[in-house]
Structure formats: C-alpha cells, structure tokens
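Comments concern the structure below.
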Amino acid sequence: MSYLELKEVSKLFGKLGALQDINLQVNKGDIIGIVGPNGSGKTTLINVISGYYRPTQGTVLFDGKKISGKRPDQIAARGIARTFQSNVLFEGASVVESVMVSSYLQYRTRSWQAFFETRAYKDEHEAVVGRVLELLRMLDLFNDTFMPAEGLSHGYQRMLGIAIAMAANPRVLLLDEPTTGMNHEESMFVVENIRKISEQGVTVILIEHNMKVLLNLATRVVVLNFGYKIAEGKPEEVMNNQEVIDAYLGTEIV
Amino acid sequence: MRYIDYKTVLPRTVAGVLVFLIVILPVFTTNVITLSVFISSGIWAIAAMGFTLILRTGQFSLGQAAFMAIGGYTSAIFTVNIGWSFWPSFLLAGIVPGIIALIIGSIVLRVGGTYFSIITLALSEVVRIIAQQWESVTRGTRGLITSPPNPIVINGFEINFYASTVPYFYLMVLLVAITAVVFWQIGRSRIGGTFYSIAANPILAEHQGIPLMKYRVIAFTVAGVFTGFAGSLYAHSLTVITPYMLGLWQSIQIMIMSIVGGIGSLAGGPIIGSIVLYTFGIYLSRVEIYGIQQLLFGGVVVLVLLFLPKGTGLIDLWDRFWRKVIWREEEYEPDTPDD
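Right, here's the structure in full:
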C-alpha cells in the first residue's frame, strides 16, 4: 500500500484545469521529482497536497486517511511540510527565531504548560532548541544564527526555507524548487542535504528543473504538462521519453 | 564573579524606582484628583494592553471599549438590579466579556484583517445601542448608578472604599500588575512566538501546523477578559455607567494609547502610553474648544509614527535616551549581506 496517494485529483480555476485527473502513488522513503514546463501545474500539485488549495475533484490519501479538504495546519500536523517557490519568511525574525517559531509541532506540551513554564515544558523546550541548532548546523546556517532572515542571501534564504519546513518534523517533505537561483556547487549542497533528509526516513517530493539534480537524487520522476501527467518512471527513462522531449522543446512541424 | 552589565541594570533600576514611586504615591498625597488620574490611567492601560495583545496576532480590534462596556454593565447590573455584592459581580464582569469574546471571536476571526476591524467597530455600536434601548435592565441613557466596592474586613482591619480613594488605587495597581505579568509572560513564552508568527506570515505559520483560529481566539478572549475587569472598575470608580461613556472614541483612544506607548511591548508600552495620554487629556479638558482632545491625540499619533516608527513608541524613547544621551553609543548598522 502506498504512503501518499493521489486519486484522480483535479484542480480547476474557473474552467482552466491546472491539474487534470492526476494519479500518483508515493511509497515511504521515495524521492519523487516533479518536472514540467512553466504553468504545467507543479506548484498547484504541491498546493493541493499541502492543503493550500482544495482539489476540485478526487482525493488525497496519506497513510490510509483522507487529507484532501483539510486545513493546511491539520495536514501539517499529520506530517506533511512544504517549502515555497519564493522565499517566504517571517518578517523581522532572526534565523533562529524563525526556525524556533516554526517548531510548533515539535512541542507535545500544552499552551498552559508553556505559560507556567512547567518542568515538562522546560525539558521539551531544551530538546527542541537542541534539534533546531542541529538543523541549522546541517543546513549551513549556523554562522548566521542571529542574523535577520531578510538579511541572508538568496541561497541561504532557500536553505532557511528548508530548515523551517524541517522544523515541523515532517514525514513527507514537499520542496518547491529548492535550487532556484543557485550555482552548481550550491545546488549540489542542497542535493546532499535532501539526501541526508531522505536518509532520516523522510519521504521527499520535489519540483526541479535541473535534470542533473534529478538524475542524482530522484527515485522516480513525474512529468506534468498542461495539468496532465504525461510520464512517470526512473529519471533516465523519462528523459528519453519522446513525449517529454516534445513537451519541453516543442514538436517540429515540417 | 558574575559580570554585571550596568548599561542594562541602571535603566531598569531607574524604571523600577519610578514604578515604585507611583505605587507608594498615596504616601505623598491622598488628593482625590491625583489618585483618580492614576486610577483611570490604569483602567485604560489594561484596555490598551488587551488591544496590543490582539495586535500581536495581526488583528486590529476597534471594539475594545465594547468589552469595557460589557464588563462595566455586567457588574453594574448585578450589583444594582440583582443586589449582589461587588466582588462576585467583578468576577462575572471578567467572565461575561470573555465568553462573548470567545463566541464572537470564533465567528469573526475567520475573516480577519480589515473585516475583523469593521466587525469589531460594529460590535461597539451594537453594545451601545443595546445599552441604550434595553431600558428595563440598563435604564437607557440615564445609566446605572453604581457604588464603590463593599468594605473588606481582614482581622478587624477595615479596607473602606467609601472613605478614601486609596484602597481603590491599590486595587487598580493590583489589577494592572496582574494583567501586566500575565501578558508579559504570554509574550515571552512560546505562545507569544506563535502569536508573532501568525501576524508576520499567516500562510507560512499555517503550513507549519499552527492553527490560526485557535491562537487568534485565545488572544481575543484573554484581552476580552481583562478588558472586562477594567470596564467593571471603570464603572465603579466613576459610580455611573451610561451608553455613551464607552463608544467609538474610547476604542480609538485605547488604540492611540497602545500605539503611542509602543506596540513592541505588551505591558510597558500601554502603561506609559495611557498614563501620558490620559494626563494630557485631563489637561486638555480645561481648554474649552470642542474636539481639541481628539485633534491633538491624532497629532500625537502622527508625531509618534513619524519619529518613532516600527511601532516602538514612547517606550523606545526611554531606551534611546540611555543609549544616546547617557552612554553616547554609536548607531548600530547591520552589515550588508553579500549576495
């Protein structure tokens, strides 16, 4: 049985179909790459899974339970975290503050325990701080711990986005173009980290244009075009698929 | 040996001494007018703290005076019409606005933003109209005549609220202190961080698993409870409550006090803002030009927003005074990020 499953999912904006009858099975521990030309519905797919949009039709199942139609915070509480395509940050917070604030789901203690600073809360808080620092160290943000998040360079803001998503303790991580605007070395650093995250037992779904990254990383690649899934399979197979090449480069009419 | 940073200890000590001087004010003077100014400032300070707490979650409530009115009317109705003593009615004056805030909050906070402001604005009008029209209970525009709290007798020592304003002043100080400690603790605990994240970026916060509604409703309800207590004390210190005492202008006044004092601080800012502005308002009430208070309050807000931006308000002036004038520190300039 698959871990995360999309059954006949469609998302329509008016009459424009951003996603049309998408079926997708994700197994535990997979790294799924989603590729497709601009406007093919990649980000919409992530928005539908994370609950930002409700699917017009179809259901999303996670761990055997229906999650489509639930609020983003309920879906996040079940263990699906995401990053955003642009650098979405908490305004005015430093790096460590943004990650601490995002660690909401790591706390098991209730609000009143936090208010009265009970022993259980303090112990838990200490553990969370430790985990946050570990996360910052892993994603190379440790030197900028107390920097304002807006002051980071683009690449580090992308890393902070991943750190914020990882702070929610996800079982499935949805990454929306984690390597945009990065040079080769930086992309490879991200790839390395995604692999590390995957080794921690997190299932990863990532949108990526860079085929080198996908060849390196993905166990399976899904190709979208105009909201339809046109191909699925191992990265090498998909890259040589005629339909995919047509979608990306266009067909030649002679 | 522990290193003592005199640069933070000294301003805090001076601030602490000032607070202490206000607390022992009755030792120097028992003048009713002076004490009443502080009592009323305290009442507005609590309301302004409530406003700041709601603002922490990114919502702009324009109906805080309505909760004061609900609190005030609750305790007035229960003492005058039903004949309860002050203390249980006072407790009820916190519970009733809390429940109303909970109900209204869980409906209205779904929309949030500007709509929330407009609906809270409407709420304050609704409360005023109910108070005005429900004559059998509220006596309409004539208002309810309340009395000061009953005397408390502890071991033969009587605290008499009729004889002087001093016990009332200490009741006020106690309530302000409790509110300040509760709000300060909310602000520095995990809940404060959650509030902040909801205000800073609701979409990201929601995707991190933070239930927006829950925390917005918590802030609105906690603010409602304490504002209700303040409203009850207001009604009993003025010994009257009428529908026109707590209307739109009072809501705006609460907002102005909070902004001028500094919204960056949950307790200190509103207290400073309300003491300064209330005293200023009392002084202006001698000037016989209609609307001068509103005009000048607006002017003060503009000045604060121009010269003390980022919502730091008057409380930041204190900090700046020490850093610039006393310690003569250089302005901190963050490094430009290297892209």
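Note that the protein sequences, when read in sequence, are chains A and U. Here this note's numbering is used: position 157 in the first sequence is 1178, and no number is missing along the way. Here this note's numbering is used: position 93 in the second sequence is 103, and no number is missing along the way. Backbone N, C-alpha and C fix where the C-beta goes; we use that ideal spot for every residue, glycine too. Everything numeric in this text was worked out from a predicted model, so none of it was measured.
>> Can you check whether the C-beta of A:Ser1208 is within less than 9 Å of a C-beta belonging to chain U?
In response: The count along the first sequence starts at 1 and reaches residue 1208 of chain A at position 187. So, not an interface residue.
>> Contact defined as beta carbons within less than 8 Å: I believe A:Ser1077 pairs with A:Ser1089. What is the distance between those atoms, to the nearest angstrom?
In response: As a first step, residue 1077 of chain A must be located in the first sequence, where it is residue number 56. As a first step, residue 1089 of chain A must be located in the first sequence, where it is residue number 68. The sequence as given places Thr at residue 1077 of chain A; Ser does not occur at that position. Incorrect: roughly 10 Å between the Cβ atoms, too far for contact.
>> So that I know if they touch, is there some Cβ in chain A lying closer than 9 Å to that of U:Glu216?
In response: Stepping through the second sequence from its first residue, residue 216 of chain U is reached at position 206. Chain A, which has a Cβ nearer than 9 Å to the Cβ of U:Glu216, makes this yes.
>> Against chain A, does U:Leu222 count as a neighbour if the rule is that its beta carbon must be under 9 Å from one of theirs?
In response: As a first step, residue 222 of chain U is located in the second sequence; it is residue number 212 there, counting from the start. Yes, because at least one Cβ of chain A sits closer than 9 Å to the Cβ of U:Leu222.
>> Measuring straight from C-alpha to C-alpha, what distance separates U:Val250 and A:Gly1072?
In response: Position 240 of the second sequence, counted from the start, is the residue given in the question as residue 250 of chain U. Position 51 of the first sequence, counted from the start, is the residue given in the question as residue 1072 of chain A. The straight-line gap from Cα to Cα measures roughly 52 Å.
>> Along the chain, where does the beta strand (DSSP E) containing A:Glu1253 start, and where does it finish?
In response: Along the first sequence, read from residue 1 onward, the residue named residue 1253 of chain A stands at position 232. It spans Tyr1249 to Gly1254 - the beta strand (DSSP E) in which A:Glu1253 sits, taken as one unbroken run.
> CA-CA distance, U:Glu340 and A:Gly1038?
Replying inline: As a position in the second sequence, residue 340 of chain U is number 330, starting the count at 1. As a position in the first sequence, residue 1038 of chain A is number 17, starting the count at 1. So the two alpha carbons sit approximately 58 Å from each other.
> Residues of chain U with a CB under 8 Å from the CB of A:Gly1057: which are they?
Replying inline: The count along the first sequence starts at 1 and reaches residue 1057 of chain A at position 36. Those do not exist, as A:Gly1057 stays about 22 Å from chain U at its closest Cβ, beyond 8 Å.
>> Buried or exposed, going by whether 16 or more other CB atoms sit within 10 Å of the CB of U:Pro280?
In response: In the second sequence, residue 280 of chain U corresponds to position 270, counting from 1. Taking all protein chains in view, the Cβ of U:Pro280 is crowded by 16 or more other Cβ atoms within 10 Å, so the residue is classified as buried.
>> Would U:Gly272 and U:Pro107 be called neighbours here (beta carbons separated by less than 9 Å)?
In response: Taking the first residue of the second sequence as 1, we reach residue 272 of chain U at position 262. Taking the first residue of the second sequence as 1, we reach residue 107 of chain U at position 97. No, the pair does not count as a contact, with Cβ atoms beyond the cut-off.
> Closest Cβ-Cβ distance between A:Met1121 and chain U: below 9 Å?
Replying inline: The count along the first sequence starts at 1 and reaches residue 1121 of chain A at position 100. The C-beta of A:Met1121 comes closer than 9 Å to at least one C-beta of chain U.
> Mind listing which residues of the region 194 to 210 of chain U have their C-beta closer than 8 Å to chain A's C-betas, in chain order?
Replying inline: For the region 194 to 210 of chain U, residues whose beta-carbon sits nearer than 8 Å to a beta-carbon of chain A comprise Gln195, Ile196, Ser199, Arg200, Ile201, Gly203, Thr204, Tyr206, Ser207 and Ala210.
>> In the DSSP output, which residue or residues are listed as bridge partners for A:Val1242?
In response: In the first sequence, residue 1242 of chain A corresponds to position 221, counting from 1. DSSP, once it has assigned bridges, lists A:Gly1054 and A:Gly1254 as partnering A:Val1242.
>> List, from N- to C-terminal side, the alpha helix (DSSP H) runs of 4 residues or more that fit wholly inside the region 64 to 128 of chain U.
In response: Taken in chain order, the whole alpha helix (DSSP H) runs of length 4 or more contained in the region 64 to 128 of chain U are 74 to 86 and 96 to 118.
> Hey, out of A:Gln1127, A:Glu1253, A:Asn1262 and A:Tyr1249, whose CA is closest to A:Gly1062's CA?
Replying inline: Taking the first residue of the first sequence as position 1, residue 1062 of chain A is located at position 41. Checked all of A:Gln1127, A:Glu1253, A:Asn1262 and A:Tyr1249; the closest Cα to A:Gly1062 is A:Tyr1249.
> Mind pulling the chain U residues with CB within less than 8 Å of A:Gly1202?
Replying inline: Start at 1 with the first residue of the first sequence, and residue 1202 of chain A comes out as number 181. Simply none; closest approach about 10 Å.
> Contact between the region 283 to 300 of chain U and the region 74 to 90 of chain U: three or more CB pairs below 8 Å?
Replying inline: Taking 8 Å as the limit for Cβ pairs, the verdict is that the region 74 to 90 of chain U does not touch the region 283 to 300 of chain U.
>> Quick check on A:Ala1267: buried or exposed, where buried means 16 or more other Cβ atoms within 10 Å of its Cβ?
In response: Residue numbering aside, residue 1267 of chain A sits at position 246 when the first sequence is read from its first letter. The residue you asked about is not Ala; residue 1267 of chain A is Asp in the sequence shown. Burial state of A:Asp1267 is exposed, judged by a 10 Å Cβ sphere holding fewer than 16 other Cβ atoms.
> beta strand (DSSP E) containing A:Ser1208: first to last residue?
Replying inline: Indexing the first sequence from 1 puts residue 1208 of chain A at position 187. Where A:Ser1208 is concerned, there is no enclosing beta strand (DSSP E), although the alpha helix (DSSP H) it sits in stretches over His1205 to Glu1220.
>> Three or more C-beta pairs under 8 Å: does that hold for the region 64 to 83 of chain U against the region 234 to 248 of chain U?
In response: Counting Cβ pairs under 8 Å, three or more are found: they touch.
> Name the DSSP beta bridge partners of U:Gln260, please?
Replying inline: As a first step, residue 260 of chain U is located in the second sequence; it is residue number 250 there, counting from the start. None; U:Gln260 has no bridge partner.
> In this structure, what does DSSP give as the bridge partners for U:Leu362?
Replying inline: Examination of residue 362 of chain U is not possible in this model, given that chain U is present from 11 through 349 alone.
> Got a sec: which bits of the region 1038 to 1053 of chain A sit with their beta carbon under 9 Å from any beta carbon on chain U, in order along the chain?
Replying inline: Contact annotation: in the region 1038 to 1053 of chain A, no residue has its CB less than 9 Å from a CB in chain U.
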